[in-house]
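Enquirer:
Numbering (this note's numbering), first residue to last: 39 to 513.
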């Protein structure tokens, strides 16, 4: 055999040395260990995704955030029973009383932008405490407005309360900290806190008026009209103390980091990565717009119904401030209880689209009871009006509770914050417009206006059902 052939044979033989049984067993064992480690890693990733989807903040912290929503709404409506009288004392009219209620949520819409920008760059606790201090100052100024004798003092005070109200804080906190599978449930609790705050506001007004009459102290600083300002300032000071002691700042979540995180870039010449292909898909804006419109309608109808209910009780039925406040409080309390119950019922299910459609249709049907049927008996008028108002407020707030979390599920993760922001702006602007609208409506027009808004919400939801599909990139 030639020398070159011998060298080649030796080289081939050395390269393909026969593998022993022990070496083959060791190789199979290491391969098995690698597969098990990969499976364990995949399982841990799946578990982490499930945990993120079901994540919840500490209960005390969540309760404090919901209490903020409760106080914000109570602060908005506590002046409704006395707004007309306070405006007249300062030389105003019914238009001023409507502005007195409506300016707070309208200014809250402008405050939403500043609050949203600051809370993304600072801690929740710092922002919330600063906003609460501004609300305390606004309530004290509202209580001292009669000393100035200038009607625009109360408008400035209520504007400061609205600007510092922090309407965007609770939904922003919920969308950032609560997992996507628990978000609808917690949004129901948020909606219930809003509605219960609207129920507590008139109740607080009645309580404060009783205290004023019992103490028999009437002056420019302490009377029926100024006492709500002092009461809410005291409530916010107590809340600030509890918040500083009990609130736990949430850790950074994927939703919080989504605006800073960058998608993996594809290598030159290899084309876009799978994540880039998924993110480049077109997202329809029609679904989120419909949800935002429902929240806007809910804001309009909530304050419009409350302002008109007090006007109906005092101007048409001849009731006192205390009786009209208790009447309104009882109706709104039932609506809040319905939201709490629905939150528990929907905690284990994902029925946002169907629930939004059914609640919107029920709101339209309820508005029919608010039409003027020319009833002669006062008892019949009160019964029909109370039934229609209770059903309307209950159903439209349930629709809002479905619409707000659904809006954030229809868009990719990086657009969730902005969608939540616009939903809150729509709701706060709706509240402001509803307060002004409620002070201007009459028996002949109130029912038709309410019916029109409800039908617009129901028809838009029904027409866009195909666009209300959850985006798999919602996260």
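Beta carbons are placed, not taken as given, at the ideal position from N, Cα and C, and that holds for glycine.
1. Nearest-angstrom Cα distance between residue 98 and residue 281?
2. List the endpoints of the continuous alpha helix (DSSP H) containing residue 166.
3. Suppose you measure from the CA of residue 432 to the CA of residue 383; what does that come to, to the nearest Å?
4. Decide if residue 298 is buried, meaning its Cβ has at least 16 other Cβ atoms within 10 Å, or exposed.
5. What residue range does the alpha helix (DSSP H) around residue 516 cover?
6. Between 94, 165, 234, which lies nearest to residue 370 when the distance is taken from Cα to Cα?
7. Could you check how far apart the C-beta atoms of residue 247 and residue 262 are, in whole angstroms? I think they sit under 8 Å.
8. As a quick exercise: from 408, 225, 127, 197, pick the residue whose alpha carbon is nearest that of residue 486.
9. Suppose contacts are defined by Cβ-Cβ distances below 7 Å. Is residue 123 in contact with residue 477 by that definition?
10. Does residue 159 pass the burial test, meaning 16 or more other C-beta atoms within 10 Å, or should it be called exposed?
11. Residue 182 to residue 258, Cα distance in whole Å?
12. Mind reading off the beta-carbon distance from residue 425 to residue 496? Whole number of angstroms is fine, and I expect it under 8 Å.
13. Under the rule that 16 or more other beta-carbon atoms within 10 Å means buried, what is residue 520, buried or exposed?
14. Tell me the rounded alpha-carbon separation between residue 186 and residue 255.
15. Which term fits residue 211, buried or exposed, when burial requires 16 or more other beta carbons within 10 angstroms of its beta carbon?
16. Quick check: what's the CA-CA separation for residue 242 versus residue 114?
17. Within 10 angstroms of its Cβ, does residue 354 collect 16 or more other Cβ (buried), or is it exposed?
18. So the alpha helix (DSSP H) residue 420 belongs to, where does it begin and stop?
19. Could you give the DSSP three-state label for residue 301: helix, strand or coil?
20. Here's a check: name, in chain order, each residue in its chain whose Cβ is nearer than 7 Å to the Cβ of residue 206, leaving out the five neighbours to either side.
21. Excluding sequence positions up to five away, which residues of its chain have a Cβ less than 6 Å from the Cβ of residue 236?
22. Mind checking residue 214: buried by the 16 CB within 10 Å criterion, or exposed?
23. Under 8 Å, with one C-beta from each stretch per pair, do the stretch 331-341 and the stretch 430-445 reach the 3-pair mark?
24. So what does DSSP say about residue 520, is it helix, strand or coil?
25. To which residues of the same chain is residue 391 closer than 6 Å at the C-beta, ignoring the five residues directly before and after it?
26. Output the boundary residues of the alpha helix (DSSP H) element that contains residue 390.
27. Alpha carbon to alpha carbon, how far is residue 493 from residue 502?
28. In whole angstroms, what separates the C-alpha of residue 169 from that of residue 203?
29. I need the DSSP call for residue 16, collapsed to helix, strand or coil.
30. Tell whether a beta-carbon distance below 7 Å holds between residue 468 and residue 140.
31. Considering residue 131, what are the terminal residues of the alpha helix (DSSP H) in which it resides?
32. For residue 499, is the classification buried or exposed, using 16 other Cβ atoms within 10 angstroms of its Cβ as the cut-off for buried?
33. Out of 362, 338, 337, state which residue places its alpha-carbon closest to the alpha-carbon of residue 349.
34. Just tell me which of 489, 323, 364 has its CA closest to the CA of residue 449.
Expert: Let me spell this out:
1. 9 Å
2. It spans 162-181 - the alpha helix (DSSP H) in which residue 166 sits, taken as one unbroken run.
3. When rounded, the distance between both Cα atoms is 15 Å.
4. Residue confidence for residue 298 is low, a pLDDT of 45 falling below 50, so the modelled location carries little weight; the figure read from the coordinates is stated next. It is exposed - the Cβ of residue 298 has fewer than 16 other Cβ atoms within 10 Å.
5. Lying before the first or after the last residue shown, residue 516 is absent from the chain, which here runs from 39 to 513.
6. It is 234.
7. 5 Å
8. 408
9. Contact: no.
10. Only exposed fits residue 159, as fewer than 16 other CB atoms lie within 10 angstroms of its CB.
11. Rounded to the nearest whole angstrom, the CA to CA distance from residue 182 to residue 258 is 8 Å.
12. Their Cβ separation, rounded to whole angstroms, is 20 Å, which puts residue 425 and residue 496 out of contact at 8 Å.
13. In the structure as shown, the chain starts at 39 and stops at 513, and residue 520 therefore has no counterpart that could be examined.
14. 20 Å
15. buried
16. 12 Å
17. exposed
18. 416-447
19. In this prediction, residue 301 scores a pLDDT of 40, lower than 50, which makes its location untrustworthy; the coordinate-derived value is nonetheless stated afterwards. Coil.
20. 150, 153, 154, 459, 462
21. 111, 115, 370
22. buried
23. yes
24. Nothing can be reported for residue 520: it is not among the residues displayed for the chain, which extend from 39 to 513.
25. 506
26. 390-405
27. When rounded, the distance between both Cα atoms is 14 Å.
28. If you take the alpha carbons of residue 169 and residue 203, they lie about 7 Å apart.
29. Only positions 39 to 513 of the chain appear in the structure, and residue 16 is not among them; the question remains open.
30. no
31. It is not in any alpha helix (DSSP H) - residue 131 carries neither H nor E in the DSSP assignment.
32. buried
33. Checking every option, the nearest Cα to that of residue 349 belongs to 362.
34. 323
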